[in-house]
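Data first, discussion second: the structure below is written as structure tokens.
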Amino acid sequence: MVALENLVGIFTRPAVPARAGQAEPPPQPPQPDWDRLAAATAALDPPFAVVDLPALRANAADLVRRAAGKPIRVASKSVRSRAVLRAVLATDGFAGILAYTLPEAIWLAEEFHDVVVGYPTADRAALRTLADHPLAASRVTLMIDSVEQLDLIDAVLGAARPPLRVCIDLDASLRLAAGRVHLGVRRSPVHTAEQAGELAKAIATRPGFALVGLMGYEAQIAGMGDAPPPPLPPAEPADGSGSGSAPRLEPARRAAASARAEVVRRMQARSMAELAARRAAAVAAVREVAPGLEFVNGGGTGSVHLTTAEAAVTEIAAGSGLYGPTLFDIYQAFTPAPAAFFALPVVRRPAPGIVTVAGGGWIASGPAGPDRVPRPVHPAGLRMIGTEGAGEVQTPLRGPAADTLRIGDRVWFRHAKAGELCEHVNALHLVDADGSIQAVPTYRGEGRAF
2 MVALENLVGI
12 FTRPAVPARA
22 GQAEPPPQPP
32 QPDWDRLAAA
42 TAALDPPFAV
52 VDLPALRANA
62 ADLVRRAAGK
72 PIRVASKSVR
82 SRAVLRAVLA
92 TDGFAGILAY
102 TLPEAIWLAE
112 EFHDVVVGYP
122 TADRAALRTL
132 ADHPLAASRV
142 TLMIDSVEQL
152 DLIDAVLGAA
162 RPPLRVCIDL
172 DASLRLAAGR
182 VHLGVRRSPV
192 HTAEQAGELA
202 KAIATRPGFA
212 LVGLMGYEAQ
222 IAGMGDAPPP
232 PLPPAEPADG
242 SGSGSAPRLE
252 PARRAAASAR
262 AEVVRRMQAR
272 SMAELAARRA
282 AAVAAVREVA
292 PGLEFVNGGG
302 TGSVHLTTAE
312 AAVTEIAAGS
322 GLYGPTLFDI
332 YQAFTPAPAA
342 FFALPVVRRP
352 APGIVTVAGG
362 GWIASGPAGP
372 DRVPRPVHPA
382 GLRMIGTEGA
392 GEVQTPLRGP
402 AADTLRIGDR
412 VWFRHAKAGE
422 LCEHVNALHL
432 VDADGSIQAV
442 PTYRGEGRAF
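Using the working numbering, you'd call the opening residue of the sequence shown number 2 and step up by one each time.
This is the structure:
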């Protein structure tokens, strides 16, 4: 493994900022060079994970382009490697970390100066650690969406303490029909500008807290693809009995996907317009109480180019767009390059046209469904079997390429999400354009699980 400081210069290509909200064709992302990746990793035994540095650089540059001059706070859950975080944050256009737990934030604050915890915490031990370490307390910002959370912190720490930095989480979902229809995630109870202002007043009048930020994550825009998914070969029963249905159903699938995408785009346009006005009002209400507010965070990988157009927003959150997982293949405004892969070995040939790889069940979080399953991408044309799917200890794959594979050969996969890949490996093997390779630890490789 290489030292963290040796990676600061791995991003060398400057990005050209676009105008906020500008509708321009996204650049074509680089495609995987399988020969280069295979040659660089020839000495490794799978399973292992690879990050393709040319693709990672291209994705970082495209995020900066879409942010159009506003800094990007890196979502650490989508990276889960301190080495990669350091390299990204050394790149122009990126500043600060959006962590996902308080213990993680305290650990990261040992070297990173600006860490916002993206979610409220009830971790009493971590709160005590934060309060007992002035350096960490000066670098870490807690997320708050209710007075009850302030009460919990006071109950754990007492009120006689130096102030802790806090940020208000504004619900960015779209509510219709007098609240009976909720589009977005169930996140914060603070939805209106009035509610944000009231919580800001409660924080300002309470000793032990310093209100420094406001955040709103529009999941129904940033995390929902608005383009029809690419056609995928369906999983089939092991006996092949379902093989004839795919061609007959494909036109119907495509039509349904196109109709859904149009509905999503209309919903997102309406939601973005509503949110921009409401977020501006909420920021104004909070600034009346906290005129020294340091940041207003919004967006996500899928909405960077839209959120940056809001004058009230001072920074953008993004992370998944760096690795480019499969869930981000279906966005109209941008196409991240596939940058993170994992390789599994062929260990069985149970029947003609089928091979079995070791492991494979690296399922992504979220609503259970086919889009959360890892996708075999090389050799092309392999697919999982419907009766087994991605297995705990082995995964059978069917397709024309199966008969060309021997025991010990590799199959390359992409994960559905970005950082969750790192929960399965101790290292990321970074492969550069010249074929050079270096290994850096994941959180897991450093003995950390959050």
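Here a beta-carbon is modelled for each residue, glycine too, at the ideal position from N, C-alpha and C. This one's a predicted model, so the numbers in the text were calculated from it and none came from an experiment.
If we count the other Cβ atoms within 10 Å of its Cβ and call it buried at 16 or more, is residue i buried or exposed?
{"i": "LEU1", "result": "A query on residue 1 cannot be resolved here, the shown segment of the chain reaching from 2 to 451 and no further."}
{"i": "GLU237", "result": "Confidence at GLU237 is low in this model, with a pLDDT of 49, below 50, so the placement of that residue should be treated as unreliable; the coordinate-derived value is given next. So GLU237 ends up on the buried side."}
{"i": "VAL148", "result": "exposed"}
{"i": "THR206", "result": "exposed"}
{"i": "ASP36", "result": "exposed"}
{"i": "LEU136", "result": "exposed"}
{"i": "ALA194", "result": "buried"}
{"i": "ILE408", "result": "exposed"}
{"i": "ALA434", "result": "exposed"}
{"i": "GLU111", "result": "exposed"}
{"i": "GLY293", "result": "exposed"}
Kindly identify the DSSP beta-bridge partner or partners of residue i.
{"i": "LEU99", "result": "ALA76 and VAL117"}
{"i": "THR443", "result": "Looking at the DSSP assignment, THR443 forms no beta bridge with any residue, so it has no partner."}
{"i": "ASN298", "result": "MET216 and GLU316"}
{"i": "ASP170", "result": "MET216"}
{"i": "ALA403", "result": "Paired residues: none, contrary to the question."}
{"i": "ILE355", "result": "ALA352 and ARG399"}
{"i": "ILE145", "result": "ILE169"}
{"i": "VAL347", "result": "VAL358"}
Keeping to the same chain, check which residues put their C-beta closer than 6 Å to that of residue i; ignore five residues upstream and five downstream.
{"i": "LEU307", "result": "MET273"}
{"i": "GLY299", "result": "GLY217, THR308 and VAL314"}
{"i": "ASN7", "result": "Reliability of the predicted coordinates at ASN7 is poor, the pLDDT of 45 falling under 50, and no value is obtained from them."}
{"i": "ASP410", "result": "VAL347"}
{"i": "ALA239", "result": "Model confidence at ALA239 stands at a pLDDT of 43, short of 50, so the residue's coordinates are unreliable; what they give is reported in the following sentence. The residues are ILE386 and THR388."}
Classify residue i as helix, strand or coil using the three-state DSSP reduction.
{"i": "ILE154", "result": "helix"}
{"i": "PHE427", "result": "With the sequence shown as reference, residue 427 is identified as Asn, and Phe is not the correct amino acid for it. Three-state result, ASN427: coil."}
{"i": "LEU422", "result": "helix"}
{"i": "HIS416", "result": "coil"}
{"i": "GLN395", "result": "strand"}
{"i": "HIS306", "result": "helix"}
{"i": "ARG175", "result": "The amino acid occupying residue 175 in the given sequence is Leu; Arg does not appear at that position. Here LEU175 sits in strand by DSSP."}
{"i": "ASP372", "result": "helix"}
{"i": "PHE335", "result": "coil"}
{"i": "ILE408", "result": "coil"}
{"i": "ILE107", "result": "helix"}
{"i": "ALA132", "result": "helix"}
{"i": "VAL378", "result": "strand"}
{"i": "ARG384", "result": "strand"}
Compute the minimum distance between the beta carbon of residue i and the heavy atoms of the ligand GTP, and state whether it is under 7 Å.
{"i": "ALA228", "result": "In the structure shown, the ligand GTP is absent, as is every other ligand, since no ligand is present at all."}
Using a Cβ-Cβ cut-off of 7 Å (strictly less than) and excluding sequence neighbours within five positions of residue i, which residues of its own chain qualify?
{"i": "VAL305", "result": "LEU64, ARG67, ALA68, ILE317 and ALA319"}
{"i": "PRO15", "result": "With a pLDDT of only 36 at PRO15, under the threshold of 50, the placement of this residue in the model should not be trusted; the figure read from the coordinates follows. For PRO15, where only same-chain residues beyond five positions count, the Cβ hits under 7 Å are ASP93."}
{"i": "ALA313", "result": "ARG280, ALA281, VAL284 and VAL297"}
{"i": "ALA417", "result": "PRO326, THR327, LEU328, ALA365, ASP372, ARG373, VAL374 and PRO375"}
{"i": "GLU393", "result": "GLY362"}
Which same chain residues end up closer than 8 Å to residue i when comparing Cβ atoms and leaving out the 5 residues on each side of it in sequence?
{"i": "PRO401", "result": "GLY354 and GLY382"}
{"i": "LEU103", "result": "VAL118, THR122, ASP124, ALA127, LEU128, LEU131, VAL141 and LEU143"}
Could you give the first and the last residue of the continuous beta strand (DSSP E) run that contains residue i?
{"i": "ALA138", "result": "From DSSP, ALA138 is part of no beta strand (DSSP E) but of the alpha helix (DSSP H) over 135 to 140."}
{"i": "LEU184", "result": "182 to 184"}
From what residue to what residue does the alpha helix (DSSP H) around residue i run?
{"i": "ARG266", "result": "246 to 290"}
{"i": "VAL89", "result": "83 to 90"}
{"i": "VAL478", "result": "This structure leaves residue 478 out entirely; the chain is present only between 2 and 451."}
{"i": "LEU38", "result": "35 to 41"}
{"i": "ALA201", "result": "194 to 205"}
{"i": "PRO321", "result": "According to the sequence displayed, residue 321 carries Ser and not Pro. Here the alpha helix (DSSP H) through SER321 covers 321 to 324."}
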